[in-house]
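Heads up: the structure comes next, in structure tokens.
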Amino acid sequence: MDIIFYHPTFDTAYWLKSLSAALPGARVREWKRGDNQPADYALVWHPPVEMLQGRELKAVFALGAGVDSILSKLKAHPEMLPEHIPLFRLEDTGMGQQMQEYAVSQVLHWFRRFDDYHLLKQQSQWEPLAEYSRESFTIGILGAGVLGSKVAEALAPWGFPLRCWSRNRKQYPGVESFAGKDELPSFLKGTRVLINLLPNTAETVGIINSELLNQLDDESYVMNLARGVHLVEHDLLAALDNGKLKGAMLDVYSSEPLPKESPLWAHPRVGMTPHIAAVTRPSEAVAYIARTISQLEAGKTVTGQVDRQRGY
Ligand code: NAP
47 MDIIFYHPTF DTAYWLKSLS AALPGARVRE WKRGDNQPAD YALVWHPPVE
97 MLQGRELKAV FALGAGVDSI LSKLKAHPEM LPEHIPLFRL EDTGMGQQMQ
147 EYAVSQVLHW FRRFDDYHLL KQQSQWEPLA EYSRESFTIG ILGAGVLGSK
197 VAEALAPWGF PLRCWSRNRK QYPGVESFAG KDELPSFLKG TRVLINLLPN
247 TAETVGIINS ELLNQLDDES YVMNLARGVH LVEHDLLAAL DNGKLKGAML
297 DVYSSEPLPK ESPLWAHPRV GMTPHIAAVT RPSEAVAYIA RTISQLEAGK
347 TVTGQVDRQR GY
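Each position in the sequence shown, counted from 1, maps to that position plus 46 in the working numbering.
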């Protein structure tokens with residue numbers, strides 16, 4: 047079996063070595079321009095068109111959870127990956143735990159009013175504030191897939207009311223499930239903390255806009271952990287400034303790296319991280335890909351295949 051690998055920033059030597067160890071008998075090579083030799087599988091991130099075009103691959107693996115960048119490239123270059131070649135993505139591979147850490151720590155930060163105490167400290171002010179009530183600190187998770195469900199699982203023991211929104215109804219213990227566009231308003235009504243873990247698709251671009259934000263509880267919080275295109279940054283800033291929102295924690299932005307002139311940097315109620323909420327953990331990703339390839343070779347059913355029409 048021949049596997050070709052291409053990632054613009056990963057440690058290629060590590061990947062080639064550990065994939066070879068995890069799939070004994072497989073010949074794994076880095077793809078370089080001009081390489082037209084046959085291959086069975088391709089592992090890619092931002093692949094050049096010529097890497098995939100014209101190849102009769104058994105499958106392609108995207109080396110991340112989100113496949114928006116590869117799908118948008120496919121729109122412009124459908125010849126790169128004909129429909130009959132399945133595209134897989136990484137499911138969890140350590141990202142679930144990182145999202146759990148991020149979301150739980152930030153929810154507790156807001157719930158214990160550390161944001162307010164941080165601002166009071168800057169004014170040298172000693173001022174014990176009223177406690178928030180757990181019962182009215184409802185957390186709503188947009189997107190209830192691999193990562194959204196993990197975040198819900200980690201928040202459950204803390205006792206906040208939990209709800210999620212997805213296309214299909216879910217049955218997660220202790221989580222109220224809302225499904226489809228029609229149920230979005232009831233999901234938003236009463237939500238105090240909104241956590242976004244949707245994929246980037248035609249239907250979800252710009253979903254967190256003033257119309258949506260206005261349906262949340264007053265003094266709500268927004269955490270965007272998915273993609274910058276989901277959030278209309280101008281609407282977020284307006285909602286922060288008019289008091290509808292109390293705070294925001296952002297990991298992803300409409301433009302990355304975020305330009306120096308963005309007003310988000312200086313906003314006192316905006317916390318920021320540079321797209322690190324959950325990164326691909328190489329050893330777990332290698333184990334996942336090796337297992338999936340072995341299952342495919344054995345003719346078994348596997349999960350993680352991207353539905354290109356749906357967009358995720
Ligand atoms: P996933 O398993 O595919 O889950 C996506 C969820 O969104 C599913 O529950 C799906 O509903 C729901 N959904 C999709 N379109 C919808 C729509 N139009 N209306 C309502 N619900 C919709 O994806 P994942 O692995 O959890 O990853 C989610 C996203 O996180 C990725 O696409 C990526 O962009 C982002 N991400 C960010 C980072 C970071 O570092 N910031 C790291 C990893 C991933 P159904 O379940 O009903 O299909």
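We treat Cβ as the ideally placed atom computed from N, Cα and C, and that holds for glycine.
All figures in this text were calculated on a predicted structure; none of them were measured in a lab.
I need the straight-line Cα distance from L103 to L262, nearest angstrom please. 47 Å
Can you have a look at R215 and say buried or exposed, based on whether 16 or more other CB atoms are within 10 angstroms of its CB? exposed
Give the single residue among R159, S151, Y299 and L193 whose Cα lies nearest to the Cα of T326. L193
Could you tell me which whole alpha helix (DSSP H) segments of length 4 or greater appear in the stretch 142-206? 160-168 and 192-201
Using the rule of at least 16 other Cβ atoms within 10 Å of the residue's Cβ for burial, across every protein chain shown, is Y60 buried or exposed? exposed
Smallest Cα separation from S179: which of S195, S170, R158 and E125? R158
Using 8 Å for Cβ pairs, my map puts L283 next to P309. What's the rounded Cβ distance? 6 Å
Are there three or more Cβ pairs, one per stretch, closer than 8 Å when the stretch 263-273 is compared with the stretch 222-240? yes
Find the nearest neighbour of P203 within the set P219, R213, L188 and S212, judged by alpha-carbon distance. P219
Please return the same chain residues whose Cβ sits closer than 6 Å to the Cβ of H130, not counting the five positions on each side in sequence. none
List, from N- to C-terminal side, the alpha helix (DSSP H) runs of 4 residues or more that fit wholly inside the stretch 71-117. 95-98
Have a look at the DSSP bridge pairing and note the partners of D48. R73
For S256, the nearest candidate out of G274, L244, H276 and D281 (CA to CA): D281
Where Q351 and K167 are concerned, what is the direct C-alpha to C-alpha distance, given to the nearest angstrom? 49 Å
Select from H92, M295, E229 and G71 the residue whose C-alpha is nearest the C-alpha of G112. H92
Does DSSP put Q355 in a helix, a strand or coil? coil
Environment of ligand 1 in chain order, Cβ to heavy atom below 6 Å: A111, G112, M141, G189, A190, G191, V192, L193, G194, W211, S212, R213, N214, L243, L244, P245, N246, T247, E249, T250, L271, A272, R273, D297, V298, H321, A323, A324 and Y358
With H, G and I counted as helix, E and B as strand and the rest as coil, what does DSSP make of Y267? strand
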